[in-house]
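These notes are about the structure you will find just below.
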Amino acid sequence: MTWGLLLQAVISGLLLGGVYGLVASGLTLIFGVLRIINFAHGAIMMLAMYASYWLHALGGVDPYLSILLTAPLFFVLGVGVQRVVIEPNRRAAEHNQLLLTLGLALFLENLALVLWQGDFRTVRSAISGTSFMLGDALVEGARLVACAGAVVVCVGLFAWLRLTDAGKALRALAEEPEGAALMGIDVTRIRGVAFGMGAACVAVAGALVTPFFYVAPDVGESFNIMAFVVVVLGGMGNFLGALLGGFVIGLAESLGATLLPGSLKYLVVFLLFVLVLLLRPEGIFGGARGR
Amino acid sequence: MSLLSLHEVDVSYGDLPALRGVSLEVEEGEIVSVVGANGAGKTTMLRTISGLLRPRRGEVRFAGERLDAAACHEVVARGVVQIPEGRKIFPSLTVLENLELGSYVKRARARRRESLEGVLALFPILAERIRQAAGTLSGGQQQMLAIGRALMARPRVLMLDEPSLGLAPLVVREIFRIVAEINRSGTTVLLVEQNTRQALALSRRGYVLENGRVVLVGTGAELLDNDHVKRAYLGM
Ligand SMILES: Nc1ncnc2c1ncn2[C@@H]1O[C@H](COP(=O)(O)OP(=O)(O)O)[C@@H](O)[C@H]1O
Ligand SMILES: [Mg+2]
Numbered sequence: 023m024t025w026g027l028l029l030q031a032v033i034s035g036l037l038l039g040g041v042y043g044l045v046a047s048g049l050t051l052i053f054g055v056l057r058i059i060n061f062a063h064g065a066i067m068m069l070a071m072y073a074s075y076w077l078h079a080l081g082g083v084d085p086y087l088s089i090l091l092t093a094p095l096f097f098v099l100g101v102g103v104q105r106v107v108i109e110p111n112r113r114a115a116e117h118n119q120l121l122l123t124l125g126l127a128l129f130l131e132n133l134a135l136v137l138w139q140g141d142f143r144t145v146r147s148a149i150s151g152t153s154f155m156l157g158d159a160l161v162e163g164a165r166l167v168a169c170a171g172a173v174v175v176c177v178g179l180f181a182w183l184r185l186t187d188a189g190k191a192l193r194a195l196a197e198e199p200e201g202a203a204l205m206g207i208d209v210t211r212i213r214g215v216a217f218g219m220g221a222a223c224v225a226v227a228g229a230l231v232t233p234f235f236y237v238a239p240d241v242g243e244s245f246n247i248m249a250f251v252v253v254v255l256g257g258m259g260n261f262l263g264a265l266l267g268g269f270v271i272g273l274a275e276s277l278g279a280t281l282l283p284g285s286l287k288y289l290v291v292f293l294l295f296v297l298v299l300l301l302r303p304e305g306i307f308g309g310a311r312g313r
Numbered sequence: 038m039s040l041l042s043l044h045e046v047d048v049s050y051g052d053l054p055a056l057r058g059v060s061l062e063v064e065e066g067e068i069v070s071v072v073g074a075n076g077a078g079k080t081t082m083l084r085t086i087s088g089l090l091r092p093r094r095g096e097v098r099f100a101g102e103r104l105d106a107a108a109c110h111e112v113v114a115r116g117v118v119q120i121p122e123g124r125k126i127f128p129s130l131t132v133l134e135n136l137e138l139g140s141y142v143k144r145a146r147a148r149r150r151e152s153l154e155g156v157l158a159l160f161p162i163l164a165e166r167i168r169q170a171a172g173t174l175s176g177g178q179q180q181m182l183a184i185g186r187a188l189m190a191r192p193r194v195l196m197l198d199e200p201s202l203g204l205a206p207l208v209v210r211e212i213f214r215i216v217a218e219i220n221r222s223g224t225t226v227l228l229v230e231q232n233t234r235q236a237l238a239l240s241r242r243g244y245v246l247e248n249g250r251v252v253l254v255g256t257g258a259e260l261l262d263n264d265h266v267k268r269a270y271l272g273m
């Protein structure tokens, strides 16, 4: 174990952590408004990664550029899924709604398996393979761009929530649904918008990771689990907590992988998860919803 | 023709009836109060008008149009605005954000700045706390915020569900004074209260609700002088 390795782990962890932060922001947004953990979040990200993959494979579109298409497309898709699948079951018991999103995830993964088989596919962007040294550590250009892009989108999302009427309506709905309805907010529509924004978040995250990751039907699972841990860590429904929590979990995963034998890679992450649940169930950044 | 009316309205929770054949009229410019004990059905009535509950039978009309099939946000858009029991403000949002959300509907959004000036003139304390999280306000200030937020929607009918609940007597007086002032400036008011004496004293007309039925109707003065009201609600 050298300082170089440790520095490398810290940098890799933080860079992927930014992406976790974005995926978790989408998840926490959906949770805040719909009061359900969307277990199909990762599967939707997987679909978006295929969308970026095919745009590149068939149309030569750079994965970063594909965001211009996939983000709006997945927003609309998310609104549709919410309207058709989630909304009709809104009054069902919470565990049934969880099962619903889990079922959706299984359906999407198997759909991908049927359509595109289980092969690992890769996408190259113009900057895939570029890198530079930071001290003893190697920084890959694509990972740096992914992190920076994720943070920019998170900040944008945060600003949207703070500054626009629709964003404020969404926060109001997360906090006091009936109060929101009584102010003339079309709560059904805003619930759709929240799910759509969540889907758009993973569409962006998916496109940002494809240049250094792989695409496969189960690629979303690990992101889903990590984002779930981040959401719990950051406080359910807390947007800033989701971004900060993303960095914490990215770091924990990466340090775990460096310090522990391969099979115990996630030990640190889940240890942190259990500790937070036991000691600070409202999240380490405070639990206020609608922040 | 009255501005807001209920005609023979039945509402139930599952099989349990909460309103039975309730009819009520509110004329333009009036203050009308609905008084009754806990569980009489007052909140159920306002929630039905707001579109949060659906009547099983009967009609709700506003300005001649049916309201009983409209979604809650459509009811607000038409100008029928409720300040709910327990206020339901947005505690982690700032006072300003709460007020801005009051003018969320299109008709009100266009006049947001003008409405805000009016509300802050009516409640100077809100101007002082404008950047504060609404949850940090005292109970009386939260009620003022709830009223201010509803006024931002530029209501034609303002409905208040027990605005005096849980407030100190001095603050209650202040709230009733403001309700009267809002009415004087042209807004029709439907006030639901358990604070029978003050509510009826303020109102042109009143309804007494018992077990989901209207048992008495009259002018405020008539009801204050009614033997049943005196015995059952005024402790005389
Ligand atoms: N959500 C509900 N589910 C079932 N019963 C309810 C519900 N809300 C109110 N009720 C019942 O309906 C009746 C009227 O309640 P409510 O309208 O809240 O009265 P009030 O506002 O006059 O105190 C009461 O008997 C109450 O128990
Ligand atoms: Mg009540």
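Chains as they are written, first to last, in our numbering: chain A, 23 to 313; chain B, 38 to 273. Beta carbons are placed, not taken as given, at the ideal position from N, Cα and C, and that holds for glycine.
Interface residues of chain A facing residue i [CB-CB closer than 8 Å]
{"i": "residue 125 (chain B)", "result": "198, 200, 201, 204"}
{"i": "residue 114 (chain B)", "result": "206"}
{"i": "residue 121 (chain B)", "result": "200, 201, 204"}
{"i": "residue 186 (chain B)", "result": "205"}
{"i": "residue 190 (chain B)", "result": "205, 206"}
Rounded straight-line distance, which links the Cα of residue j to that of residue i
{"i": "residue 86 (chain B)", "j": "residue 146 (chain A)", "result": "59 Å"}
{"i": "residue 83 (chain B)", "j": "residue 119 (chain B)", "result": "8 Å"}
{"i": "residue 313 (chain A)", "j": "residue 170 (chain B)", "result": "With a pLDDT of 44 at residue 313 (chain A), under the threshold of 50, the predicted position of this residue should be treated as unreliable, though the coordinate-derived value follows. Cα-Cα distance, rounded: 11 Å."}
{"i": "residue 276 (chain A)", "j": "residue 185 (chain A)", "result": "35 Å"}
{"i": "residue 238 (chain B)", "j": "residue 255 (chain B)", "result": "12 Å"}
{"i": "residue 130 (chain A)", "j": "residue 237 (chain A)", "result": "14 Å"}
{"i": "residue 257 (chain A)", "j": "residue 224 (chain A)", "result": "19 Å"}
{"i": "residue 247 (chain B)", "j": "residue 40 (chain A)", "result": "59 Å"}
{"i": "residue 119 (chain A)", "j": "residue 111 (chain A)", "result": "7 Å"}
{"i": "residue 179 (chain B)", "j": "residue 115 (chain B)", "result": "25 Å"}
{"i": "residue 121 (chain A)", "j": "residue 52 (chain B)", "result": "30 Å"}
{"i": "residue 114 (chain A)", "j": "residue 101 (chain B)", "result": "36 Å"}
{"i": "residue 187 (chain A)", "j": "residue 268 (chain A)", "result": "27 Å"}
{"i": "residue 257 (chain B)", "j": "residue 117 (chain A)", "result": "51 Å"}
{"i": "residue 148 (chain B)", "j": "residue 109 (chain A)", "result": "33 Å"}
{"i": "residue 90 (chain B)", "j": "residue 68 (chain B)", "result": "23 Å"}
{"i": "residue 105 (chain A)", "j": "residue 212 (chain A)", "result": "11 Å"}
{"i": "residue 171 (chain A)", "j": "residue 59 (chain B)", "result": "59 Å"}
Under 7 Å from the C-beta of residue i: neighbouring residues of chain B
{"i": "residue 213 (chain A)", "result": "In chain order: nothing, as chain B lies at least about 13 Å away."}
{"i": "residue 158 (chain A)", "result": "Per Cβ cutoff of 7 Å: no residues; residue 158 (chain A) is ~44 Å from chain B at best."}
Three-way DSSP call (helix, strand, coil) for residue i in this model
{"i": "residue 53 (chain B)", "result": "strand"}
{"i": "residue 155 (chain A)", "result": "strand"}
{"i": "residue 153 (chain B)", "result": "helix"}
{"i": "residue 288 (chain A)", "result": "coil"}
{"i": "residue 256 (chain A)", "result": "helix"}
{"i": "residue 83 (chain A)", "result": "coil"}
{"i": "residue 196 (chain B)", "result": "strand"}
{"i": "residue 236 (chain A)", "result": "coil"}
{"i": "residue 92 (chain A)", "result": "helix"}
{"i": "residue 141 (chain B)", "result": "coil"}
{"i": "residue 107 (chain B)", "result": "coil"}
{"i": "residue 165 (chain B)", "result": "helix"}
{"i": "residue 89 (chain B)", "result": "coil"}
{"i": "residue 231 (chain B)", "result": "coil"}
{"i": "residue 145 (chain A)", "result": "coil"}
{"i": "residue 68 (chain B)", "result": "strand"}
Whole-angstrom C-beta distance between residue j and residue i, which should lie under 8 Å
{"i": "residue 251 (chain A)", "j": "residue 271 (chain A)", "result": "6 Å"}
{"i": "residue 226 (chain A)", "j": "residue 175 (chain A)", "result": "5 Å"}
{"i": "residue 264 (chain A)", "j": "residue 50 (chain A)", "result": "4 Å"}
{"i": "residue 138 (chain B)", "j": "residue 191 (chain A)", "result": "7 Å"}
{"i": "residue 45 (chain A)", "j": "residue 249 (chain A)", "result": "4 Å"}
Contact check, residue i vs residue j, beta carbons under 9 Å
{"i": "residue 108 (chain B)", "j": "residue 210 (chain A)", "result": "yes"}
{"i": "residue 151 (chain B)", "j": "residue 200 (chain B)", "result": "no"}
{"i": "residue 134 (chain A)", "j": "residue 68 (chain A)", "result": "yes"}
{"i": "residue 101 (chain A)", "j": "residue 217 (chain A)", "result": "yes"}
{"i": "residue 264 (chain B)", "j": "residue 80 (chain B)", "result": "no"}
{"i": "residue 211 (chain B)", "j": "residue 177 (chain B)", "result": "yes"}
{"i": "residue 266 (chain A)", "j": "residue 234 (chain A)", "result": "no"}
{"i": "residue 235 (chain B)", "j": "residue 266 (chain B)", "result": "no"}
{"i": "residue 103 (chain B)", "j": "residue 249 (chain B)", "result": "no"}
Residue i: contacting residues in chain B (beta-carbon distance under 9 Å)
{"i": "residue 194 (chain A)", "result": "127, 130, 134, 135, 138, 141"}
{"i": "residue 191 (chain A)", "result": "138, 141"}
Contacts that residue i makes with chain A (C-beta to C-beta distance below 7 Å)
{"i": "residue 152 (chain B)", "result": "The contacting residues do not exist; residue 152 (chain B) stays about 13 Å from chain A at best."}
{"i": "residue 7 (chain B)", "result": "Any question about residue 7 (chain B) goes unanswered here, given that chain B covers just 38 to 273."}
Within-9 Å CB hit, residue i to chain E
{"i": "residue 32 (chain A)", "result": "In the displayed structure, chain E is absent; the protein chains listed are A and B."}
Partners in chain A for residue i, counting only beta-carbon separations shorter than 9 Å
{"i": "residue 89 (chain B)", "result": "200, 203, 204"}
Within chain B, partners of residue i - CB distance below 8 Å
{"i": "residue 207 (chain A)", "result": "110, 138, 141"}
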